[in-house]
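Note sheet for the following structure.
Number of protein chains: 2
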Amino acid sequence: MTATDDTAGSGEDRLIARHFAPLATHPGALGLADDVAVMTPPAGCDLVLETDAIVAGMHFFADDPPAGIARKALRINLSDLAAKGARPLGFLLTLALPRRAAEPPVDDAWLAAFAGALGEDAQAYGCPLYGGDTVASPGPVMISVTVIGAVPTGTLVRRGGARPGDRVVVTGTIGDAALGLVLRLERAAAGDFGLSEDERAHLLSRYREPRPRTALAEAVRLHATAAMDVSDGLAGDLAKLCRVSGVTARVDIARVPLSGAAHRLLDAAPEHLAAVLSGGDDYEILCTVPPDRLAPFLAAASAAGVAAAEIGEILAGQGAPALVGPDGHPVALDRASFSHF
Amino acid sequence: MTATDDTAGSGEDRLIARHFAPLATHPGALGLADDVAVMTPPAGCDLVLETDAIVAGMHFFADDPPAGIARKALRINLSDLAAKGARPLGFLLTLALPRRAAEPPVDDAWLAAFAGALGEDAQAYGCPLYGGDTVASPGPVMISVTVIGAVPTGTLVRRGGARPGDRVVVTGTIGDAALGLVLRLERAAAGDFGLSEDERAHLLSRYREPRPRTALAEAVRLHATAAMDVSDGLAGDLAKLCRVSGVTARVDIARVPLSGAAHRLLDAAPEHLAAVLSGGDDYEILCTVPPDRLAPFLAAASAAGVAAAEIGEILAGQGAPALVGPDGHPVALDRASFSHF
Chain A
1 MTATDDTAGS
11 GEDRLIARHF
21 APLATHPGAL
31 GLADDVAVMT
41 PPAGCDLVLE
51 TDAIVAGMHF
61 FADDPPAGIA
71 RKALRINLSD
81 LAAKGARPLG
91 FLLTLALPRR
101 AAEPPVDDAW
111 LAAFAGALGE
121 DAQAYGCPLY
131 GGDTVASPGP
141 VMISVTVIGA
151 VPTGTLVRRG
161 GARPGDRVVV
171 TGTIGDAALG
181 LVLRLERAAA
191 GDFGLSEDER
201 AHLLSRYREP
211 RPRTALAEAV
221 RLHATAAMDV
231 SDGLAGDLAK
241 LCRVSGVTAR
251 VDIARVPLSG
261 AAHRLLDAAP
271 EHLAAVLSGG
281 DDYEILCTVP
291 PDRLAPFLAA
301 ASAAGVAAAE
311 IGEILAGQGA
321 PALVGPDGHP
331 VALDRASFSH
341 F
Chain B
1 MTATDDTAGS
11 GEDRLIARHF
21 APLATHPGAL
31 GLADDVAVMT
41 PPAGCDLVLE
51 TDAIVAGMHF
61 FADDPPAGIA
71 RKALRINLSD
81 LAAKGARPLG
91 FLLTLALPRR
101 AAEPPVDDAW
111 LAAFAGALGE
121 DAQAYGCPLY
131 GGDTVASPGP
141 VMISVTVIGA
151 VPTGTLVRRG
161 GARPGDRVVV
171 TGTIGDAALG
181 LVLRLERAAA
191 GDFGLSEDER
201 AHLLSRYREP
211 RPRTALAEAV
221 RLHATAAMDV
231 SDGLAGDLAK
241 LCRVSGVTAR
251 VDIARVPLSG
261 AAHRLLDAAP
271 EHLAAVLSGG
281 DDYEILCTVP
291 PDRLAPFLAA
301 ASAAGVAAAE
311 IGEILAGQGA
321 PALVGPDGHP
331 VALDRASFSH
341 F
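Chains A and B, in that order, are what the protein sequence lines are. Just so you know, the first sequence maps onto residues 1 to 341 in UniProt numbering. Just so you know, the second sequence maps onto residues 1 to 341 in UniProt numbering.
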């Protein structure tokens with residue numbers, strides 16, 4: 001991604017100069033006027049690398065507001081860093097834009113809203129744009145973001161460190177995004193499922209715009225034995241964590257933290273409990289914390305203003321974690337995790 | 001991009017486990033079994049960051065051999081690192097795959113050939129896979145690669161360092177890839193343009209498979225005042241370098257190094273000279289070298305087995321570089337550079 005201030009440049013050059021060069025406030029981005037970017041790695045740190053992509057028609061709706069699409073593209077990556085205890089250093093962006101007329105049009109106004117929101121998030125999360133590539137495509141809008149983060153050398157929190165006796169902890173509330181998608185797909189209005197306008201807006205916004213738990217990264221790094229973000233559904237992601245750690249787990253469904261809106265929707269339509277437990281896009285932190293670290297972890301979460309709840313325990317053994325209902329019996333889910341394939 | 005060895009995983013998990021986990025030989029990739037990768041930055045170095053994407057139907061043909069597509073996706077990024085004097089440390093991959101049946105099918109055989117060639121190149125260029133993301137898309141195959149490289153702190157060769165009197169140097173031969181694309185688009189057979197089968201194959205292979213000049217990265221770093229790779233056409237890329245450096249240049253067209261095949265084709269069809277000078281996809285190094293550094297630069301290139309040729313001189317002033325023909329008059333090009341927009 002390179003920009004020129006010369007209108008004789010290509011369309012790509014002009015697009016970058018107009019919309020993305022203003023985001024390149026970090027000196028390492030070289031003003032997007034060179035072929036590469038340069039980053040001085042912080043001393044005593046490991047780099048933490050992550051790439052996540054989203055595609056119109058798969059991960060968002062083509063007519064979603066471009067500002068929200070930009071936020072989602074960056075924040076799903078920031079969520080991964082936070083869940084691994086890392087702080088962000090910067091990101092690179094690949095943006096594929098429809099070559100032909102699209103509906104809605106991906107025009108100057110769309111790009112201005114997209115880049116504006118991306119710049120605001122880059123500033124808010126301390127994760128500056130370093131560079132990228134803009135390509136025309138015969139296909140839909142696609143955004144791939146690579147974030148680079150840092151942890152003190154040797155302190156990355158892995159998936160595989162969970163041990164029997166560790167407590168299973170999640171941040172925030174679970175299932176809001178999956179229920180937001182239900183509302184979106186069913187074109188549910190306020191009043192449907194007994195939801196107020198605010199509750200409906202809450203669920204939809206949780207689907208559209210993840211809130212990475214960056215403020216909790218240090219607490220994860222200091223206290224968790226294993227961690228990941230919940231992006232493909234709580235049940236499936238916990239199963240993955242357990243598999244890599246060589247353990248299993250028991251989760252009390254009644255302790256899984258739900259928003260008021262999710263409670264209201266489930267009261268009206270309890271069949272959506274499966275979406276809550278196995279739907280995607282939560283972007284909360286799922287981690288395992290030894291019993292003697294639980295109090296300091298929860299205190300750190302509270303100090304950071306992020307809710308955190310103990311929902312179960314790691315157990316010796318193999319196999320999918322048991323999700324135990326209020327009656328003491330495990331609940332079976334048709335699928336534990338979301339997959340686009 | 002995470003892999004599991006469990007067939008109960010999602011389709012994406014299985015795809016990654018089968019095709020990409022075998023490439024994750026570097027310990028920092030964590031076997032593609034975690035959410036992120038970890039890289040220990042080399043001491044005393046700046047990181048050099050670059051992202052380049054290619055899309056079927058735009059940057060390659062959907063029915064190109066998958067091994068060649070993989071090589072192109074990685075090598076265009078390695079070419080950027082080499083041209084900036086950087087050595088590769090590793091890369092991340094975003095792969096968007098058609099959700100529906102495609103022609104040719106993007107099936108297991110396609111993925112095996114793609115991943116196999118990618119793994120060979122990763123090994124050959126010392127640039128291991130650290131991670132990535134695989135997404136389904138309603139659109140065509142798209143591949144975005146982010147490479148991370150390194151230079152000793154403060155030694156990145158920028159675009160903006162060219163000074164009047166510096167010699168303009170290019171590696172290898174120019175125009176082969178653009179002429180290969182001409183052959184591909186015109187479905188030219190051996191014999192057309194008077195080309196032998198070998199000459200035709202040479203031009204086509206130069207279009208399909210860039211050869212990054214990694215062996216010359218150190219010489220660029222030690223001797224060049226400005227450098228970039230020729231990806232959008234020699235004339236346009238030199239114009240960009242001059243603009244950022246605040247200078248102009250004169251290039252003798254007769255000194256621009258051409259392959260035997262390019263000479264033969266131009267003899268038969270001189271109208272394709274414009275494609276040679278302004279076509280894309282050369283992936284050679286374009287750099288400026290002070291007169292007193294030219295001999296050691298050329299000696300280093302020779303020692304590395306890479307051809308390098310002085311083709312002109314940086315001049316004080318502004319404006320597009322003059323491309324001077326054998327008659328001493330500047331040649332005008334309809335467009336100096338290739339753009340997809």
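Note that CB positions come from ideal geometry on N, CA and C, so glycine has one too.
- Below the 8 angstroms Cβ cutoff, chain B contributes no neighbours of Val331(A), its closest Cβ being approximately 18 angstroms away.
- Residue contact check for Val38(B) against chain A: a CB pair falls below 9 angstroms.
- Neighbours of Glu50(B) across chain A, judged by C-beta separation under 9 angstroms: Asp35, Val36, Ala37, Leu92, Gly131, Asp133.
- Looking at Ile285(B), Leu81(B), Ala83(B), Ala53(B), the one whose alpha-carbon comes closest to that of Ala70(B) is Ala53(B).
- Separation of the CB atoms of Arg167(A) and Pro291(A) is rounded to 6 angstroms, and the pair is thereby assigned contact status at 8 angstroms.
- The distance from the Cβ of Val276(A) to that of Gly175(A) is about 3 angstroms, consistent with a contact at the 8 angstroms cut-off.
- Judged by DSSP in its simplified three-state form, Pro330(B) adopts strand.
- Ranked by Cα distance from Ala274(B), the options Val48(B), Ala177(B), Ala67(B) are led by Ala177(B).
- Interface residue (Cβ-Cβ distance to chain B less than 9 angstroms): Lys84(A) is classified as such.
- Partner residues in the beta bridge of Arg250(B), as assigned by DSSP, are Glu313(B), Ala322(B).
- In this structure the stretch 297 to 313 of chain A does not touch the stretch 88 to 98 of chain A; the number of beta carbon pairs closer than 8 angstroms is below three.
- Neighbours of Leu156(B) in chain A, taken as residues at a C-beta separation under 7 angstroms, are given in chain order as Val38.
- The three-state reading of DSSP puts Ser245(B) in helix, counting H, G and I together.
- By the C-beta density criterion, Leu185(A) is exposed, having fewer than 16 other C-beta atoms within 10 angstroms.
- One finds Arg99, Ser137, Pro138, Gly139 in chain A with Cβ atoms closer than 9 angstroms to the Cβ of Gly57(B), taken in chain order.
- Ala316(B) and Val247(B) do touch by the CB rule: their CB atoms are close to 6 angstroms apart, below 8 angstroms.
- Membership of Arg200(A) in the alpha helix (DSSP H) is indicated by the continuous run 197 to 208.
- When 7 angstroms is used as the limit between beta carbons, Val244(A) is near these residues of chain B: Ala33, in chain order.
- A straight line joining the alpha-carbon of Ala235(B) with that of Val244(B) spans about 15 angstroms.
- Fewer than three beta-carbon pairs drawn from the stretch 99 to 115 of chain A and the stretch 245 to 264 of chain A are found closer than 8 angstroms, and the two stretches are therefore not classed as touching.
- DSSP places Thr171(B) within a strand segment (E or B) once states are collapsed to three.
- For the UniProt domain "PurM-like C-terminal" (163 to 319) of chain A, the set of positions with a beta-carbon nearer than 9 angstroms to some beta-carbon of chain B reads Ala227, Met228, Asp229, Ser231, Asp232, Gly236, Ala239, Lys240, Arg243, Val244 in chain order.
- Contact annotation, Leu32(B) with Ala43(B): C-beta distance approximately 27 angstroms; criterion of less than 8 angstroms not satisfied.
- If you check the CB distance, Val169(B) and Lys84(B) do not come in under 9 angstroms.
- Interface with chain A (9 angstroms Cβ-Cβ cutoff): Asp80(B) is included.
- At a cut-off of 9 angstroms between beta-carbon atoms, Pro321(B) makes no contact with chain A.
- DSSP links Leu89(A) through a beta bridge to no other residue.
- If you draw a straight line from the Cα of Pro22(A) to the Cα of Glu218(A), it is about 31 angstroms long.
- Ala215(A) sits close to Val306(A), with the two beta carbons spaced by under 9 angstroms.
- According to the DSSP assignment, Ala150(A) belongs to no alpha helix (DSSP H) but to the beta strand (DSSP E) extending over 142 to 152.
- By a beta-carbon distance limit of 8 angstroms, Cys127(A) contacts Phe91(A). Their separation comes to about 6 angstroms.
- If you draw a straight line from the Cα of Pro27(B) to the Cα of Glu50(B), it is about 22 angstroms long.
- Looking at the DSSP output, Ser137(A) bridges to Pro98(A).
- Residues Val55, Ala56, Gly57, Ala62, Pro98 of the same chain have their beta carbon placed closer than 7 angstroms to that of Pro140(A), with the five preceding and five following residues left out of the count.
- The residue among Leu129(B), Asp232(B), Thr134(B) with its C-alpha nearest the C-alpha of Asp13(A) is Asp232(B).
- For Gly260(B), the secondary structure class from DSSP, reduced to helix, strand or coil, is helix.
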